[in-house]
Amino acid sequence: MARRAQPISALPGAGAALIVAALILGTLAAVALRAEAGRGFGGSDWAALRFTLTQAVLSAVLSVGLAIGLARALARRRFWARTALIAFLGAPFILPVIVAILGLLTVFGRAGWISQILMGLGLEPLQIYGLHGVVLAHVFFNLPLATRLILQGWQEIPTERFRLAAQLKAGPGAMWQLLEAPMLRRVVPGALAVVFAICLSSFAVALTLGGGPRATTIELAIYQAFRFDFDLGRAALLSAVQLGLTGIAGFVALRVSDGDGVGAGLDRALRRWDGEAPLARCLDVAWITLAALFLILPLSAVVVSGISGLFLLKASVWMAALTSVLVAGLSTLLLLLLALPMAAAVAMGRSALIEVAGILGLAASPLVIGTGLFIVIYPFVDPFSLALPVTALVNAVMALPFALRILVPRAREVMMRYGRLSLSLNMAGMPFLWRVFLPRMRAQIGFAAGLGAALSMGDLGVITLFADPEVATLPLQVYRLMGAYQMEAAAGAALLLLILSMGAFWILDRGGRWHAEA
Amino acid sequence: MLRLESCEIENGGFVLRADLEIPAGAKLAIIGPSGAGKSTLIEAIAGFLPLRQGRIFWQGEDLTGLAPGQRPVAMLFQDGNLFPHLTVAQNAGLGLRANLRLSQDEQAQVQQALLRVGLGDLAARKPAELSGGQQSRVALARVLLQRRDILLLDEPFAALGPALKDEMLDLVAEIAAETGATVLMVSHDPQDARRLADQVVLVAEGKAHPPVATAELLDNPPPVLKAYLG
Chain L
248 MARRAQPISA
258 LPGAGAALIV
268 AALILGTLAA
278 VALRAEAGRG
288 FGGSDWAALR
298 FTLTQAVLSA
308 VLSVGLAIGL
318 ARALARRRFW
328 ARTALIAFLG
338 APFILPVIVA
348 ILGLLTVFGR
358 AGWISQILMG
368 LGLEPLQIYG
378 LHGVVLAHVF
388 FNLPLATRLI
398 LQGWQEIPTE
408 RFRLAAQLKA
418 GPGAMWQLLE
428 APMLRRVVPG
438 ALAVVFAICL
448 SSFAVALTLG
458 GGPRATTIEL
468 AIYQAFRFDF
478 DLGRAALLSA
488 VQLGLTGIAG
498 FVALRVSDGD
508 GVGAGLDRAL
518 RRWDGEAPLA
528 RCLDVAWITL
538 AALFLILPLS
548 AVVVSGISGL
558 FLLKASVWMA
568 ALTSVLVAGL
578 STLLLLLLAL
588 PMAAAVAMGR
598 SALIEVAGIL
608 GLAASPLVIG
618 TGLFIVIYPF
628 VDPFSLALPV
638 TALVNAVMAL
648 PFALRILVPR
658 AREVMMRYGR
668 LSLSLNMAGM
678 PFLWRVFLPR
688 MRAQIGFAAG
698 LGAALSMGDL
708 GVITLFADPE
718 VATLPLQVYR
728 LMGAYQMEAA
738 AGAALLLLIL
748 SMGAFWILDR
758 GGRWHAEA
Chain X
1183 MLRLESCEIE
1193 NGGFVLRADL
1203 EIPAGAKLAI
1213 IGPSGAGKST
1223 LIEAIAGFLP
1233 LRQGRIFWQG
1243 EDLTGLAPGQ
1253 RPVAMLFQDG
1263 NLFPHLTVAQ
1273 NAGLGLRANL
1283 RLSQDEQAQV
1293 QQALLRVGLG
1303 DLAARKPAEL
1313 SGGQQSRVAL
1323 ARVLLQRRDI
1333 LLLDEPFAAL
1343 GPALKDEMLD
1353 LVAEIAAETG
1363 ATVLMVSHDP
1373 QDARRLADQV
1383 VLVAEGKAHP
1393 PVATAELLDN
1403 PPPVLKAYLG
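Top line first, the protein sequences correspond to chains L and X.
So the first sequence is numbered by our numbering: it starts at 248 and just counts up by one.
So the second sequence is numbered by our numbering: it starts at 1183 and just counts up by one.
Here's what the structure looks like:
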């Protein structure tokens, strides 16, 4: 079919996609070649597979199920802290896993706040290690993400439809049938698939809250094969299995979350006329309160228990913090260099393959890529000397699917709205890039960069494979302090990590939106 | 003269045929039922849609393979004619230079064009701070600066009230008279055609018919147009 003319070239995007694909597929090929199928898939490997699937299904269903109620409550209530709470829902996604784990332990752990209350009542303390701990942590991370995805679906219902429904005197049942159910049918499968895919490659959560024969994910098994036994063949075999799993999940996520254009509505401040019955009100209030407590308590716990430790941090922690800042900076730069051209190319509808390359990051887990990169580079260089650049690169590739999710819809809009106008003004090429594309994308670029920086800052994944005892990023340092039972120092370092991650996100996201016209 | 020589334009499975000539300097309305291909026709002239067959000439020069920005064509779209992050002066200035590196002289030209459309004191505003009519005027100031031979209008004033729309059409006519541009305007309102256009191209049943004098066509509409006009 003949193509419409476009204001910028899709070639850089295709190039970036090619680099990403080469990196991911290349490391996967290395893994596959190295995998030793002969040794077979042992009993513990099957257990890891089963556990991985069980926890991912449970986490996805619980997160999305709870998110529907919470999103509905947030969509139809207006209250003073609403904006703050919705913004706060974004926090766990960029929250360093290790920080959240410390917070969850402080609240839900054996010696945590809730256990102390229970013991005060003469009951047994909570047991957080194992399947329910892993699922708890995953719900903590993904409930907010799922809520935001679903809330977005609610907000994409044009204001005019709500007005129409109000005029038609639609009751709760009719609202559900006319507006909510169709929207959920469109949004929920995508949310389920995304959460499932994320939980499949859970590593840091399993590393800290799981472990043992009954609570080991495949990612964790890869790490153990690699780090404890240095059995590259087995690590590679497990990686191949992990790849199959996440590949399928990622593919499904891509297919079911392909958002079609909903009718456009003018962006008026939304006023709702439904959900005024007392029962609906009480239900919504309960949802919002419980969810807010569930999210806020662990974070407050980190702050409360970290403050005293913050002033006792050792030089090694500050060193690790500096390392993390540098890695995050490099990773963010790489992320934007890959994501922006790809977003532009996808927005122009060029080759679905670019979109697939973008989503490959979801299909391949950090540990799989890490294993593959290790196999590829260790005949040539000492992989441990490349720990930091490799971490930055892998972090960038891992953040790419999320960055594209942020950038592509806006890029589409910019192309659709201003593509023809720019072409008719002969702005193709650099003028379009500098005068239209980048300025119109600024808020989204800032958001994506903030996300990439925070994710990289808090990442506890590939670095665990590559780091020697001399090198540590801040999350790894926190993990090591926890392992050495220096809990006060760990809490202090975790608070520092929290401040750095959130700070990086805040600065970049703000920078993007500052003085940006809608 | 704008000549469409046995053109076939494909747009999402639908094919529009056009074989016609439009004299230079004409003011022409394109009318016809919804979905008949009015926009398809002018998008092909602007270069947004490729031709499946045929050629387009302007004053004997073959435009067929040229990119939209290379054609002697300025176009106003139904909406989104302005960049919201650029000021009024910058939006107009794009008509002179796409990279907005304007010389002193060019900046003076921009100011001149804004004065001409009655926005002399709003140069530093952003589009969101303007009324619908003022936004249309900014776009027209840009058209003025572009100095292209052909001006295509894809119902850019459809959202304006009747009085304001008439005002804009008159301004278009004045600008066309000043620049000598050939104007092609998509419209679904025969009153617009009578107000601005001396000729009409009827687009119906997959075909763009050769231009006919406006009054002649509208006073004695063929059956397909009659059904549309009601």
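Note that beta-carbon positions come from the ideal geometry of N, C-alpha and C, so glycine has one too.
This structure is a prediction, so every number in the text was calculated from the model and none was measured.
Task: Chain-ordered chain X contacts of residue 674(L) [CB-CB under 9 Å] - done: Correct list: 1251, 1276, 1280, 1281.
Open item on the list: Can you pull out the residues from the stretch 1258-1274 of chain X whose beta carbon lies closer than 7 Å to at least one beta carbon of chain L?
Closed with: Cβ contacts with chain L come from 1259, 1262, 1263, 1265, 1266, 1267.
Open item on the list: If we define contact as Cβ-Cβ less than 9 Å, is residue 1307(X) a contact residue for chain L?
Closed with: Not a single CB atom of chain L sits nearer than 9 Å to the CB of residue 1307(X).
TODO: Check residue 1381(X) in the structure and name its three-state DSSP category.
DONE: strand
- [ ] Indicate, with yes or no, if the ligand MN has a heavy atom lying under 8 Å from the CB of residue 411(L).
- [x] This structure lacks the ligand MN, and indeed carries no ligand of any kind.
Task: Amino acids of chain X, ordered along the chain, whose beta-carbon sits closer than 7 Å to that of residue 671(L) - done: 1228, 1250, 1251, 1255, 1256, 1257
- [ ] Locate the alpha helix (DSSP H) running through residue 201(L), then write down its first and last residues.
- [x] Since the first residue of chain L shown is 248 and the last is 765, residue 201(L) is not available in this structure.
- [ ] Would you mind sorting residue 1464(X) into buried or exposed? The rule is 16 or more other CB atoms within 10 Å of its CB.
- [x] No statement about residue 1464(X) is possible, as the shown extent of chain X runs from 1183 to 1412 and does not include it.
Open item on the list: Let's test the definition: count the other Cβ atoms within 10 Å of the Cβ of residue 578(L) and tell me whether it reaches 16, buried, or not, exposed.
Closed with: buried
Open item on the list: Excluding the 5 residues flanking residue 489(L) on each side, which residues of the same chain have their C-beta closer than 6 Å to its C-beta?
Closed with: Around residue 489(L): 465, 612, 615.
Open item on the list: So, under 8 Å CB-CB, residue 394(L) and residue 314(L) are touching, yes? Tell me the CB distance rounded to an integer number of Å.
Closed with: 4 Å
Open item on the list: Using a Cβ distance threshold of 8 Å, determine whether the stretch 428-442 of chain L contacts the stretch 339-356 of chain L, with at least three qualifying pairs required.
Closed with: no
Task: Element boundaries [beta strand (DSSP E), containing residue 1195(X)] - done: Note, residue 1195(X): premise wrong, no beta strand (DSSP E); not H, not E.
Task: Proximity of residue 1263(X) and residue 1316(X) at Cβ, strictly below 9 Å - done: no
Open item on the list: My parser needs the beta strand (DSSP E) runs of 3 or more residues fully inside the stretch 1356-1402 of chain X; what are they?
Closed with: 1364-1368, 1381-1386
- [ ] Specify, as a first and last residue, the run of the beta strand (DSSP E) that residue 1240(X) falls within.
- [x] It spans 1233-1240 - the beta strand (DSSP E) in which residue 1240(X) sits, taken as one unbroken run.
Open item on the list: Report the start-end ranges of each alpha helix (DSSP H) in the stretch 1272-1311 of chain X that is 4 residues or longer and not cut off at the edges.
Closed with: 1286-1298
- [ ] Would you mind telling me which residues of chain X sit closer than 9 Å to residue 667(L), beta carbon to beta carbon, in chain order?
- [x] 1225, 1228, 1230, 1250, 1257, 1259, 1262
Open item on the list: Restricting to runs no shorter than 4 residues, where is the alpha helix (DSSP H) found entirely within the stretch 624-700 of chain L?
Closed with: 634-671
Open item on the list: Excluding the 5 residues flanking residue 1197(X) on each side, which residues of the same chain have their C-beta closer than 8 Å to its C-beta?
Closed with: 1190, 1191, 1234, 1388
Open item on the list: Let me check understanding here. Comparing Cα to Cα, which of 299(L), 345(L), 383(L), 270(L) lies closest to residue 309(L)?
Closed with: 383(L)
TODO: Buried or exposed for residue 474(L), please, with buried defined as at least 16 other CB atoms from any protein chain shown within 10 angstroms of its CB.
DONE: exposed
- [ ] Just grab the DSSP bridge partners of residue 1340(X) for me.
- [x] None, per the DSSP bridge assignment.
Open item on the list: Are the CB atoms of residue 1334(X) and residue 1384(X) within a distance shorter than 9 Å?
Closed with: No, Cβ-Cβ distance for residue 1384(X) and residue 1334(X) is not below 9 Å.
Task: Where residue 665(L) falls, given that 16 or more other Cβ within 10 Å makes a residue buried - done: So residue 665(L) counts as buried.
- [ ] Determine, using beta carbons only, whether residue 444(L) and residue 493(L) come nearer to each other than 9 Å.
- [x] Yes, these two residues count as a Cβ contact at 9 Å.
TODO: Answer yes or no: does any C-beta atom of chain X fall closer than 9 Å to that of residue 257(L)?
DONE: no
Task: Min CB distance residue 1376(X) to chain L below 9 Å - done: no
Open item on the list: So, with DSSP's three-state summary, where would you put residue 368(L)?
Closed with: coil
Task: Of the residues 546(L), 592(L), 254(L), 617(L), the one placed nearest residue 654(L), counting alpha carbons only - done: Here the closest residue by C-alpha is 592(L).
- [ ] Report yes if the CB atom of residue 630(L) is closer than 9 Å to the CB atom of residue 640(L), and no otherwise.
- [x] no
TODO: Given a cut-off of 9 Å, decide if residue 1353(X) and residue 1319(X) are closer than it, judged by their beta-carbon atoms.
DONE: yes
TODO: Under 8 Å Cβ to Cβ from residue 1386(X), same chain only, skipping five residues before and after it: list those, please.
DONE: Non-local beta-carbon contacts of residue 1386(X) in its own chain, meaning distances under 8 Å to residues more than five positions away in sequence, involve 1214, 1215, 1218, 1406, 1407, 1410 in chain order.
Open item on the list: Going by DSSP in three states, residue 1185(X) sits in which element: helix, strand or coil?
Closed with: In the three-state DSSP reduction, residue 1185(X) falls in the strand class (E or B).
TODO: With a threshold of 16 other CB atoms inside 10 Å of the CB of residue 1313(X), please say whether the residue is buried or exposed.
DONE: exposed
TODO: Determine the contact status of residue 1268(X) and residue 1380(X), defining contact as a CB-CB distance below 9 Å.
DONE: no
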